[in-house]
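**Student:**
Rendered as structure tokens:
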């Protein structure tokens with residue numbers, strides 16, 4: 037407890053630097069190895085490395101400077117130094133897709149970090165893929181919820197699974213439901229509403245615009 041008090045006294049007496057996050061004021065009041073004393077919107081916070089408070093995360097800190105992560109962006113902060121008058125959060129990610137053969141929209145994406153080509157299908161309730169694609173993507177479909185879909189070739193057994201991460205361009209969604217058909221009758225992978233319902237969609241002169249919410 038005495039060591040903590042001495043440490044707290046040291047950082048309180050240290051020089052300070054200030055910058056602004058939109059309407060919220062962030063003052064770096066003191067720095068030392070592995071921690072930083074901040075004033076965030078009028079509230080004093082002692083952050084340790086890897087911890088987050090009020091949207092501000094401390095990545096690293098020394099007695100000279102600290103690396104803060106705010107809205108996914110990192111800034112190096114030194115004592116007695118103006119970091120910037122205004123911090124602007126990143127703008128929303130936008131993906132624009134041109135229509136291909138038959139007026140369909142195709143896009144390259146990633147599922148759990150692995151590449152896959154999608155056909156955008158607003159009529160599909162879930163992302164849908166065949167068995168070979170699921171195996172290539174390393175999806176544990178056997179533990180999925182049992183189901184079935186009707187196709188031109190009859191009823192096909194399916195498994196509904198959870199995809200940890202789906203990325204299209206700069207847009208990433210987590211914990212996205214998908215259907216795996218237990219055969220290869222489905223020739224393409226459909227980007228359905230389990231992903232599309234989480235973004236804003238519109239068309240602009242034949243271009244499909246997908247914007248993160």
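Residue numbers (the working numbering): 37 to 249.
Note that beta-carbon positions come from the ideal geometry of N, C-alpha and C, so glycine has one too.
Rounding to the nearest angstrom, what Cα-Cα distance links residue 215 and residue 197 in this structure?
**Tutor:** Approximately 6 angstroms, taken between the alpha carbons.
**Student:** Per DSSP, residue 154 is paired with what?
**Tutor:** DSSP lists 143, 225 as partners of residue 154.
**Student:** Please confirm if residue 222 has its CB atom under 8 angstroms from at least one CB of chain B.
**Tutor:** Note that chain B does not occur in the displayed structure, where there is just one protein chain.
**Student:** As an exercise, report each continuous alpha helix (DSSP H) stretch of at least 4 residues that is fully enclosed by the region 161-212, in chain order.
**Tutor:** Whole alpha helix (DSSP H) segments, 4+ residues: 167-172.
**Student:** Taking the DSSP output, what are the residues bridged to residue 135?
**Tutor:** 141, per the DSSP bridge assignment.
**Student:** Per DSSP, what are the beta-bridge partners of residue 75 in this structure?
**Tutor:** Looking at the DSSP assignment, residue 75 forms a beta bridge with 63, 80.
**Student:** Could you tell me the boundaries of the beta strand (DSSP E) in which residue 234 lies?
**Tutor:** Neither: residue 234 is in no beta strand (DSSP E) and is coded neither H nor E.
**Student:** Determine the contact status of residue 130 and residue 245, defining contact as a CB-CB distance below 8 angstroms.
**Tutor:** Yes, Cβ-Cβ distance for residue 130 and residue 245 is below 8 angstroms.
**Student:** So the beta strand (DSSP E) residue 93 belongs to, where does it begin and stop?
**Tutor:** Residues 92-97.
**Student:** Leaving out five residues on either side along the sequence, give the residues of the same chain with a beta carbon under 7 angstroms from the beta carbon of residue 236.
**Tutor:** Taken in chain order, the residues that qualify are 247, 249.
**Student:** With a CB to CB cut of under 6 angstroms and the five nearest residues on each side skipped, what residues in its chain are close to residue 25?
**Tutor:** What is shown of the chain runs 37 to 249, which leaves residue 25 out entirely.
**Student:** Is the region 226-236 close to the region 167-186, with three or more CB pairs under 8 angstroms?
**Tutor:** No: the two stretches stay apart, fewer than three of their Cβ pairs being nearer than 8 angstroms.
**Student:** Use the C-beta contact count for residue 24: other C-beta atoms within 10 angstroms, 16 or more gives buried, fewer gives exposed.
**Tutor:** The structure shown does not extend to residue 24, since the chain is modelled only from 37 to 249, so the question has no answer here.
**Student:** Please identify the residue among 142, 189, 148 whose C-alpha is closest to the C-alpha of residue 243.
**Tutor:** The option with the nearest alpha carbon to residue 243 is 142.
**Student:** Do residue 100 and residue 94 have their CB atoms nearer than 8 angstroms?
**Tutor:** Not closer than 8 angstroms, so no.
**Student:** Under the DSSP definition of a beta bridge, which residues are partnered with residue 218?
**Tutor:** Paired residues: none, contrary to the question.
**Student:** Within this structure, are the beta carbons of residue 147 and residue 199 separated by less than 8 angstroms?
**Tutor:** Yes; because the gap between Cβ atoms is below 8 angstroms, this pair is in contact.
**Student:** Do residue 226 and residue 160 have their beta-carbon atoms positioned less than 8 angstroms apart in this structure?
**Tutor:** Cβ distance < 8 angstroms, so residue 160 and residue 226 count as in contact.
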